[in-house]
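Written out below as structure tokens is the structure these notes cover.
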Amino acid sequence: MAGTTLAYDRAGSGPPALLLHGWPGDRSDWALVGDLLEADVIRPDLHGFGESAPAGDPSAAGQTAALVALLNDLDIDRVVVGGYDVGSRVAQTLAATHPDRVSALVLAPPLPGAGRRVLEPDAVAEFWYQSFHQLRLAEELVDGRADATRAYLRHFWDHWSGPAFTVSEERLDRLTARYARPGAFTASIGWYRAGAGMVRASLAEQPPADRLATPLTVLWPEFDPLFPRAWSDRVGDWFSAADLRPLDGVGHFSPVEAPQAWAAALTEVLT
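Number 112 in the UniProt record's numbering belongs to position 112 of the sequence shown; there are no gaps in the numbering.
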């Protein structure tokens with residue numbers, strides 16, 4: 001439709017659920033979760049990712065505007081939003097700027113509250129890639145090079161996932177095909193170049209005068225090296241109705257690693 005600038009999959013019937021992926025992934029991150037839901041499931045590729053690359057504004061504001069246009073085109077007034085990684089940040093922006101469109105949030109980190117802890121040695125050792133993505137060298141070494149892209153993606157999927165999860169070669173093949181197209185990798189790191197990465201966001205954050213009232217379920221993984229559970233201690237400073245739940249045995253890619261847990265949490269707020 002005319003206003004839609006995002007590629008997306010839509011399947012199922014029932015209350016609508018909008019599921020937002022992370023980096024380095026795409027809308028297929030939510031395929032297993034979507035199959036478990038009795039809902040009208042919408043899974044877009046965010047701007048700069050998958051089949052939505054390279055066009056569009058990669059910032060949180062630009063991603064939010066594209067999602068509102070998508071909901072308008074689909075004639076959806078209110079929606080439950082699930083998200084992790086980049087998708088979590090975008091979902092929070094959508095709920096904060098368009099609270100009338102979001103009935104509930106189900107999110108994995110990042111959530112606000114890390115503050116200057118993001119500069120601690122262990123965190124700096126994990127978030128190096130966000131500084132690397134600011135350099136032209138990143139695109140010169142990776143963009144358009146299938147072997148380099150696959151190796152780069154494999155590093156993150158291996159390092160960030162939980163100990164019981166191994167990324168499949170099929171998933172790596174699909175993501176490599178998406179990210180290795182000329183310009184696609186550079187488009188995907190546009191999110192970080194737009195200033196939306198964890199380090200910048202954490203150093204700039206301040207608790208709002210009025211906390212976000214949208215009901216929030218937080219699924220915090222046990223083995224995500226980027227977001228230790230200690231950083232969950234200030235979620236209530238930003239959200240007035242937050243239900244914080246541990247997601248044991250799981251790493252960063254929680255919708256892929258634990259689709260049943262995600263489906264259960266989403267089902268609670270969809271019904």
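Even glycine gets a Cβ: it sits at the ideal position worked out from N, Cα and C.
Give the DSSP bridge partners of Arg43, in chain order. Asp9
Check whether the Cβ atoms of Val68 and Leu18 lie closer than 8 Å to each other. no
To the nearest angstrom, how far is the alpha carbon of Gly162 from that of Gly12? 30 Å
Ranges of the alpha helix (DSSP H) found wholly within the segment 101–148, counting only runs of at least 4: 121–126, 128–132, 136–142
Would you mind giving the Cβ-Cβ distance between His47 and Asp57, rounded to the nearest angstrom? I have them listed as a contact below 8 Å. 6 Å
Of all the options Pro109, Leu119, Asn72, Asp122, which has the alpha carbon lying nearest to the alpha carbon of His98? Asn72
Can at least three beta-carbon pairs, one atom from the segment 197–207 and one from the segment 116–130, be found at a separation below 8 Å? yes
Report the start-end ranges of each beta strand (DSSP E) in the segment 180–223 that is 3 residues or longer and not cut off at the edges. 216–221
Rounded separation between Val235 and Thr217 - CA only: 11 Å
Where Ala95 and Gly249 are concerned, what is the direct C-alpha to C-alpha distance, given to the nearest angstrom? 29 Å
First through last residue of the beta strand (DSSP E) which encompasses Arg245: 242–247
Is it buried or exposed, Arg178, if we count other Cβ atoms within 10 angstroms and call 16 or more buried? buried
Can you name the start and end residues of the beta strand (DSSP E) that Leu19 belongs to? 16–20
Terminal residues of the continuous alpha helix (DSSP H) containing Gly83? Where Gly83 is concerned, there is no enclosing alpha helix (DSSP H), although the beta strand (DSSP E) it sits in stretches over 79–83.
Helix, strand or coil: how does DSSP classify Phe156 here? helix
Any idea if His155 is buried or exposed, counting beta-carbon neighbours within 10 angstroms, 16 or more meaning buried? exposed
Boundaries (first-last residue) of the alpha helix (DSSP H) holding Pro225: Per DSSP, Pro225 belongs to no alpha helix (DSSP H) and is neither H nor E.
Count the CB pairs spanning the segment 182–189 and the segment 134–147 that are closer than 8 Å, and state whether there are at least three. yes
Count the other C-beta atoms from every protein chain shown that fall within 10 angstroms of the C-beta of His159, then say buried if there are 16 or more, exposed otherwise. exposed
Kindly give me the distance between the Cβ atoms of Tyr84 and Ile42, rounded to whole angstroms, as I take these residues to be in contact under 8 Å. Actually they are not in contact, since the Cβ atoms of Tyr84 and Ile42 sit about 16 Å apart, beyond 8 Å.
How many angstroms separate the CA atom of Ala257 from the CA atom of Leu32? Per the sequence presented here, residue 257 reads as Glu, with Ala not at that position. Answer to the nearest angstrom: the Cα atoms are 10 Å apart.
Classify Pro208: buried if its beta carbon has 16 or more other beta carbons within 10 angstroms, exposed otherwise. exposed
If you check the beta carbons only, do Leu107 and Asp45 fall under 8 Å apart? no
CA-CA distance, Leu20 and Ser28? 10 Å
Inspect the beta-carbon positions of Asp26 and Gly50 and report whether they are closer than 8 Å. yes
Rounding to the nearest angstrom, what Cα-Cα distance links Ala263 and Leu212 in this structure? 24 Å
Leaving aside the five residues before and after Thr93 along the sequence, list all residues of the same chain whose C-beta is less than 8 Å from its C-beta, in chain order. Ala60, Ala61, Gln63, Thr64
Taking just the CA atoms, how far does Leu266 sit from Glu126? 29 Å
Answer with buried or exposed for Asp75, where buried requires no fewer than 16 other C-beta atoms within 10 angstroms of its C-beta. exposed
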